[in-house]
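Asker: Sharing a structure with you now.
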Amino acid sequence: MKAFVEVDHLSLQFDNQPEKNILSDVSFQLDQGESLLLLGPSGSGKSTLTFCLNGIYPKELDGNLQGDVWINGKQTADYLPGQLSQQVGVVFQDPETQFCMLTVEDEVAFGLENISFPPSLMESRINQVLEMVHMLPLKKEKIHSLSGGQKQKLALACVLALEPALLILDEPTANLDPVATKDLIQTIHNVKQKNNCSVIIIEHQLDGWTAIAERCLLLNRNGQIFYDGTLRNAIKDQIHQLDSEGIWLPKITQYLLQHAPKVIQNPPLTIEEFSNQEFLWSQTEWKDMKQVRSLRSNVLLDASDISLSKNNKKIIKAISLTAYEGEFIAIVGANGSGKTSLSRLMTGIQKPSSGTILVKGKPIKNWRESDLRKEIGYVFQNPEHQFITNSVFDEVAFGLRIQNKTEEEIKKNVHSILNICGIPEYANEHPYTLSQGQKRRLSVATMIINNQQLLILDEPTFGQDAHSNLELMKLLQERYAKGTTIIMITHDMELVNNYATRVIAVDKGEIAADCTPEELWNKAPEELNQWQLEIPIPVQLKKRWEKGQNYVSTSS
Amino acid sequence: MFLHHLNPSIKALTIGLIVILLALIFDPVTPFILLLFTISLTFIGGRVDVKKYLLYFIPFSILAFGMLWTTIVFADTPKNPEDIISVLGMEYPRESLLTAIALSLRVLSVASLSLLFIFTTNIVDFILSLIQQLKLPPKIAYGVLAGYRFLPMMKDELAVIHAAHRIRGVNQVLTLKERLKQYKRYSIPLLASAIRKAERTAIAMESKGFTGDKSRTFYRRFTITSKDWLFIIIMLAAFTTAVYTSIKLGYFNWYNGEI
């Protein structure tokens with residue numbers, strides 16, 4: 001008998017790059033009920049493989065495909081249009097663009113209507129799948145009123161309604177905050193146990209997923225499979241290639257590999273596994289977390305009592321805060337808590353409904369726009385939004401040209417900035433042709449060209465592979481060392497712990513906490529949960545360890 | 001309420017029919033009676049917010065008044081120049097005045113009919129009913145629905161791009177030429193992301209088994225009931241009454257090329 005999924009020597013090229021293999025000789029099998037982590041750096045063809053599995057390719061492909069894909073004993077090309085959706089269901093990365101109806105129930109019904117599901121049974125099926133993802137009370141809601149996490153659960157419900165035997169999750173948590181992510185993973189875990197379906201998971205952040213799938217399939221930059229086996233063995237045998245391809249490991253594993261290299265023989269993938277392996281504790285050399293705490297010096301930005309309302313909804317409620325020179329501030333909080341709005345108020349792109357903001361002691365509204373931009377840089381969530389010109393060089397030069405600098409000076413400055421950002425060889429490319437990580441660094445480049453003293457970034461690390469991330473943080477760290485004050489919105493608590501000197505937690509438009517990272521981790525767990533925050537791995541470990549110590553000392 | 005529960009397609013067809021019938025007639029009385037009737041029906045038969053309704057009605061009123069004024073001022077030489085009506089101390093030829101009033105009441109009457117439809121119909125219901133009753137191909141219908149979801153997203157995105165370019169230090173635009181240039185600059189990121197989003201939506205729809213095929217079942221079925229027939233009869237009756245009154249009063253006139 002054949003396996004449920006059988007991919008046989010699959011290669012694929014797009015028409016615009018006929019000589020480059022997006023997928024190259026990919027072969028694997030997946031049994032009914034078996035699950036798989038599909039990992040690889042950005043651009044390794046993970047999403048392309050997804051499209052091959054659910055029959056979008058070769059039907060919609062502008063390019064060439066060689067090899068076969070068999071699902072349930074039948075080639076994908078032999079399925080009638082639309083039929084494959086009952087075998088393979090996909091949840092995509094962007095929760096916003098997966099829907100075409102306006103209400104929750106209509107959206108779930110859409111898929112059922114497509115497969116000519118009997119109308120008399122539809123209602124009960126819709127209720128059943130909404131119940132499964134705990135969304136039944138929201139059945140009549142409008143989709144646009146849902147949160148990101150709820151939208152992803154709805155997308156999951158839509159797919160589950162078709163009862164596919166294989167569920168593919170293409171970075172489903174990329175846009176979610178840590179707590180929503182945990183919730184979605186838990187939901188998928190339950191679904192898998194209930195339906196006994198196969199799951200293929202494509203993710204950058206592995207934490208939590210390892211309990212669902214042991215096996216992993218690793219792709220490299222050329223779209224080849226370089227490993228097929230358990231993740232544990234992959235770490236043991238392929239650690240160098242994992243590292244050079246920029247594939248993320250679970251955070252705990254990553255941390256331990258840095259601090260206790262011997263762990264590699266049997267690397268734990270979750271905190272629980274780690275705590276159950278007593279001997280690991282003794283082997284680990286605990287380095288003290290480096291504490292570089294800046295002294296508060298000159299006030300750079302001072303906001304007092306600022307509020308912002310939009311459509312009669314209070315987004316920011318009377319926030320006061322002061323940013324000093326030489327700080328590295330992380331702003332954290334749930335999706336929709338007002339982090340982005342707060343950061344925009346600080347840059348002056350949005351005016352507060354009430355309250356005042358002083359930049360270097362002068363009210364922000366009295367600054368000339370062009371002078372203000374020389375003080376404050378802002379990097380948007382989507383770097384493409386900020387690009388204005390047709391080449392990387394012009395993009396960086398733009399900020400200098402509007403100041404009428406000489407062409408020679410511009411050239412010198414631009415090249416040095418491009419070098420700092422690690423993209424000197426792309427000077428003549430169009431900004432849109434860069435990779436995601438490069439685009440991000442380019443947008444940072446355009447914002448530091450004037451030696452801006454304050455740099456504000458809105459979720460700069462989101463959706464990037466490990467390499468791009470590291471390079472970006474290195475770049476920011478360098479700027480910080482040179483005296484730039486940095487304010488960064490992020491969901492990544494490891495970053496907060498590693499880099500920030502101060503952390504501001506925003507909850508429902510108010511500042512819930514404003515302290516150092518250590519102080520934040522010591523707050524009550526209920527509070528952190530309410531703000532949708534998670535304690536970073538090293539701190540979790542340390543806490544468990546201290547608890548263990550206490551236990552030992554009191555019992556003896 | 002009655003109007004909200006009608007079949008959207010039948011409602012649209014009925015209103016279209018009345019508009020066509022109205023176009024055949026050119027006198028002040030018929031559209032006036034129909035206008036009064038339509039507005040009363042909207043508020044009796046539907047749940048409509050008066051403030052919002054008035055807000056939508058204002059532009060049509062301005063348009064109608066403008067037409068009234070220009071038609072009087074630029075009227076052809078009347079056949080009976082002696083036949084004069086005095087309004088607010090000014091004297092107008094009776095013929096020109098009647099033509100002008102007929103014209104502007106026509107505009108208002110058509111406006112009120114359209115508003116009756118718009119205020120009592122859910123767009124999704126309308127499109128679903130177009131597929132079910134009028135055999136609109138699902139490919140087009142669901143495309144329109146997906147596009148409808150896109151509009152607010154595009155609006156938000158434009159605001160973000162505007163802010164993003166301001167941060168880069170692009171000057172505020174003042175002249176028309178600069179403004180055109182600015183829109184050209186916005187169009188690339190906006191289009192790039194719109195195309196990407198549209199592609200994602202298309203792929204997501206296709207992954208859920210959408211083929212554009214007509215053989216599909218419906219979760220929400222729209223049928224034609226006696227209520228719909230009643231609506232057609234009511235509207236036609238109202239129209240006939242208006243025409244009859246107009247004939248009785250001696251104003252009735254087929255449209256034959258006035259204005």
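Going down the list, the protein sequences come from chains A and B. According to the UniProt record's numbering, the residues represented by the first sequence are 1 to 556, in order. According to the UniProt record's numbering, the residues represented by the second sequence are 1 to 259, in order. Beta carbons: idealized from backbone N, C-alpha and C, even for Gly. Predicted model, so just to flag it, every value in this text is computed and none were measured.
Could you tell me which residues DSSP puts in a beta bridge with A:Arg-502?
Answerer: DSSP output for A:Arg-502 lists A:Ile-329 as bridge partner(s).
Asker: Can you say whether A:Gly-483 is buried or exposed, counting buried as having 16 or more other CB atoms within 10 angstroms of its CB?
Answerer: That one is exposed.
Asker: According to DSSP, is A:Asn-382 part of a helix, a strand, or is it coil?
Answerer: Looking at A:Asn-382 - three-state DSSP - the assignment turns out to be coil, as it is neither helix nor strand.
Asker: Could you give the DSSP three-state label for A:Cys-197: helix, strand or coil?
Answerer: Here A:Cys-197 sits in coil by DSSP.
Asker: Starting from A:Met-122, find everything on chain B with Cβ-Cβ shorter than 7 Å and list it in chain order.
Answerer: Neighbours of A:Met-122 on chain B, chain order: Tyr-219.
Asker: From B:Val-29 to A:Ser-85, what does the alpha carbon distance come to, in whole angstroms?
Answerer: Whole-angstrom Cα-Cα distance: 59 Å.
Asker: Using a beta-carbon distance cut-off of less than 8 Å, what residues from the stretch 380 to 400 of chain A approach chain B?
Answerer: Per Cβ criterion, the list reads Phe-380, Asn-382, Glu-384, His-385, Gln-386, Phe-387, Ile-388, Phe-398 and Gly-399.
Asker: Can you name the start and end residues of the beta strand (DSSP E) that A:His-134 belongs to?
Answerer: A:His-134 -> no beta strand (DSSP E), and no H or E assigned at all.
Asker: Taking the alpha carbon of B:Ile-167 as the point to measure from, which residue in A:Ile-448, A:Val-503 and A:Gln-87 has its own alpha carbon closest?
Answerer: Comparing Cα-Cα distances from B:Ile-167 to each of A:Ile-448, A:Val-503 and A:Gln-87, the minimum goes to A:Ile-448.
Asker: Taking Cβ positions only, does B:Phe-210 come closer than 7 Å to chain A?
Answerer: At least one chain A Cβ lies under 7 Å of B:Phe-210.
Asker: Between B:Met-67 and the rest of its own chain, which residues show a CB-CB distance below 7 Å, the 5 nearest in sequence each way excluded?
Answerer: Around B:Met-67: Leu-103, Ser-104 and Val-107.
Asker: Listing by chain order, which chain A residues have their CB less than 9 Å from the CB of B:Lys-197?
Answerer: Result: Asp-94, Glu-96 and Thr-97.
Asker: Let me know the secondary structure DSSP gives A:Gln-403 once reduced to three states.
Answerer: Residue state, collapsed to three classes: coil.
Asker: In the DSSP output, which residue or residues are listed as bridge partners for A:Ala-323?
Answerer: According to DSSP, A:Ala-323 bridges with A:Leu-301.
Asker: In terms of residues, what are the limits of the alpha helix (DSSP H) holding A:Asn-529?
Answerer: Per DSSP, A:Asn-529 belongs to the alpha helix (DSSP H) from 525 to 530.
Asker: Hey, B:Ala-238 and B:Phe-117 are a contact pair by Cβ (cut 8 Å); roughly how many whole angstroms apart?
Answerer: 15 Å between Cβ atoms; not a contact.
Asker: Tell me the rounded alpha-carbon separation between A:Ser-556 and A:Phe-274.
Answerer: Caution applies to A:Ser-556, whose pLDDT of 41 falls short of 50 and renders its modelled position unreliable; the value that the coordinates give is listed next. Going from the Cα of A:Ser-556 to the Cα of A:Phe-274 covers about 24 Å.
Asker: Any beta carbon of chain B sitting closer than 7 Å to that of A:Phe-117?
Answerer: Output row for A:Phe-117: interface = yes.
Asker: May I ask whether a heavy atom of the ligand MN can be found less than 6 Å away from the beta carbon of A:Ile-448?
Answerer: Ligands in the displayed structure: none, and consequently the ligand MN is not present.
Asker: Quick one: does B:Pro-189 have its CB under 7 Å from some CB of chain A?
Answerer: Answer yes: the Cβ-Cβ gap between B:Pro-189 and chain A drops below 7 Å somewhere.
Asker: Span of the beta strand (DSSP E) holding A:Cys-158?
Answerer: Not the beta strand (DSSP E): A:Cys-158 falls in the alpha helix (DSSP H), residues 148 to 160.
Asker: Quick check on DSSP: helix, strand or coil for A:Phe-4?
Answerer: Three-state result, A:Phe-4: coil.
Asker: Any beta-carbon of chain B closer than 7 Å to the one on A:Pro-81?
Answerer: Cβ-Cβ to chain B under 7 Å: yes for A:Pro-81.
Asker: B:Val-170 by DSSP, collapsed to three states: which one?
Answerer: Coil, per DSSP.
Asker: Please tell me whether B:Gly-169 has its Cβ less than 7 Å away from any Cβ of chain A.
Answerer: Yes, B:Gly-169 counts as interfacial toward chain A.
Asker: Contact defined as beta carbons within less than 8 Å: I believe residue 607 of chain A pairs with A:Gly-399. What is the distance between those atoms, to the nearest angstrom?
Answerer: Nothing about residue 607 of chain A can be read from this structure; chain A reaches only from 1 to 556.
Asker: Using a Cβ-Cβ cut-off of 7 Å, state whether A:Cys-197 counts as contacting chain B.
Answerer: It does not: the Cβ of A:Cys-197 has no partner Cβ on chain B nearer than 7 Å.
Asker: Contact criterion: CB-CB distance below 7 Å. Does A:Ser-555 meet it with respect to chain B?
Answerer: Because the pLDDT at A:Ser-555 is just 46, under 50, the model does not fix this residue reliably, and the value given afterwards should be weighed accordingly. It does not; no Cβ of chain B falls within 7 Å.
Asker: Look at the alpha carbon of B:Ile-247 and the alpha carbon of B:Leu-54, and state the distance between them as a whole number of angstroms.
Answerer: Approximately 31 Å between the Cα atoms of the pair.
Asker: Hey, out of A:Tyr-432, A:Ala-397 and A:Asn-220, whose CA is closest to A:Leu-418's CA?
Answerer: Selected option, being the one with the closest Cα: A:Ala-397.
Asker: Could you pull the DSSP bridge partners for A:Glu-510 from this structure?
Answerer: Bridge partners of A:Glu-510: A:Asp-507.
Asker: Round the Cβ separation of B:Gly-209 and A:Asn-195 to the nearest angstrom and send it over; I've been treating them as touching at under 8 Å.
Answerer: In fact, because the Cβ distance is near 18 Å, the residues do not count as touching under 8 Å.
Asker: Please list, in chain order, all residues of the same chain as A:Ser-198 whose beta carbon is under 8 Å from its beta carbon, the five residues on each side excluded.
Answerer: Cβ neighbours of A:Ser-198 beyond the five flanking positions: Phe-4, Val-5, Leu-30, Asp-31, Gln-32, Gly-33, Glu-34, Ser-35, Leu-36, Ala-165, Leu-166 and Leu-167.
Asker: Could you tell me the distance, in whole angstroms, from the CA atom of B:Ala-242 to the CA atom of B:Phe-252?
Answerer: In a straight line, the C-alpha of B:Ala-242 is about 10 Å away from that of B:Phe-252.
Asker: Can the beta-carbon of A:Gln-17 be found closer than 7 Å to that of A:Asn-64?
Answerer: No, the Cβ-Cβ distance between A:Gln-17 and A:Asn-64 is not below 7 Å.
Asker: Pull up the CB-CB distance for A:Pro-388 and B:Arg-196, whole angstroms please, since I reckon it's below 8 Å.
Answerer: Position check: residue 388 of chain A holds Ile in this sequence, whereas Pro was assumed. Actually they are not in contact, since the Cβ atoms of A:Ile-388 and B:Arg-196 sit about 19 Å apart, beyond 8 Å.
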